[in-house]
């Protein structure tokens, strides 16, 4: 009589566990390696993996339901005839459906909560970032200190100083007060440690509306009294 372990190794369930696990592992590796090449969203890989995990209990249930007993010999003497293999289980279909639904639910919930640990979005995001040339996607955030000097409340804007950032985020222009009658506009390139560069000096006025970059980032608009002026970021009106 074969032992229980020998029977299990020869059963459909053991073959399905080993075969399905190997196939799913290979497919997951292919999904993780191939799909990012085609800029496929992360949810596509997660959905395919979820379906593969969900199919595991279904495959086990089908293999268990169609498990057959080994053929046995029947007869007297030397004329023994093998009997027809019979199903090892006579479980009703309704019971099989209930077991399958419950197993799929449990495995599905487990796979759903484990999905973020199976796939890391960095593999999918890195390709999109490396192939993009826009500074907005490749820029990294950092901190720096900006000394504005003397500040003063602007009656028009309600701010103590005027600051503007270029469209690409690399330049900062700001106003600092020198005395009661004038102020200065400085520009700073946050990518370098160079000293802030003086662009121009202007007369302080209650009609000042602050600073603003042009859409292409090459000009800076400001008001000097009642006049609207502009100056290039390199300097020069």
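Numbering (my numbering), first residue to last: 1 to 237. Backbone N, C-alpha and C define an ideal beta-carbon position, used for all residues, glycine too.
Going by DSSP, residue 173 is part of the beta strand (DSSP E) stretching over 171 to 177.
Taking every protein chain shown into account, the CB of residue 182 has fewer than 16 other CB atoms within 10 angstroms, so this residue is exposed. With a threshold of 16 other beta carbon atoms within 10 Å, residue 45 meets it and is buried. 9 Å or more divides the Cβ of residue 173 from the Cβ of residue 228. Take the alpha-carbon of residue 165 and the one of residue 37: they are about 36 Å apart. Listed as beta-bridge partners of residue 230 by DSSP are 221. In its chain, beyond the 5 residues on either side, 54, 57 and 58 have a beta carbon closer than 7 Å to the beta carbon of residue 104.
Boundaries of the beta strand (DSSP E) around residue 211: 211 to 213. Where residue 195 is concerned, there is no enclosing beta strand (DSSP E), because DSSP gives it neither an H nor an E.
Sequence-distant partners of residue 107 (beyond 5 residues in either direction) whose C-beta falls short of 7 Å from its own C-beta, in its chain, are 53, 54, 56 and 57.
Each residue's CA atom was taken as its position, placing residue 189 and residue 220 some 14 Å apart. About 6 Å separates the beta carbons of residue 186 and residue 176, which is inside the 8 Å limit, making them a contact pair. Residue 200 carries a strand assignment under DSSP once its states are collapsed to helix, strand and coil. Around residue 100, the same chain offers 57, 58 and 61 as residues with beta carbons nearer than 8 Å, after the five sequence neighbours per side are excluded.
For the 9 Å CB-CB criterion, residue 199 and residue 235 form a contact. Residue 167 and residue 233 have their C-alpha atoms some 13 Å from each other. Per DSSP, reduced to three states, the secondary structure at residue 32 is helical.
Residue burial annotation: residue 112 is exposed, with fewer than 16 other C-beta atoms found within 10 angstroms of its C-beta. Counting along the chain, the unbroken beta strand (DSSP E) around residue 186 starts and ends at 182 to 189. Measuring C-alpha to C-alpha distances from residue 194 to each of 145, 97 and 31 identifies 145 as the nearest. The straight-line gap separating the alpha-carbon atoms of residue 22 and residue 97 is approximately 26 Å. By the neighbour-count criterion, in which a residue is buried when 16 or more other Cβ atoms sit within 10 angstroms of its Cβ, residue 178 is exposed. Ranked by Cα distance from residue 217, the options 184, 225, 197 and 170 are led by 170.
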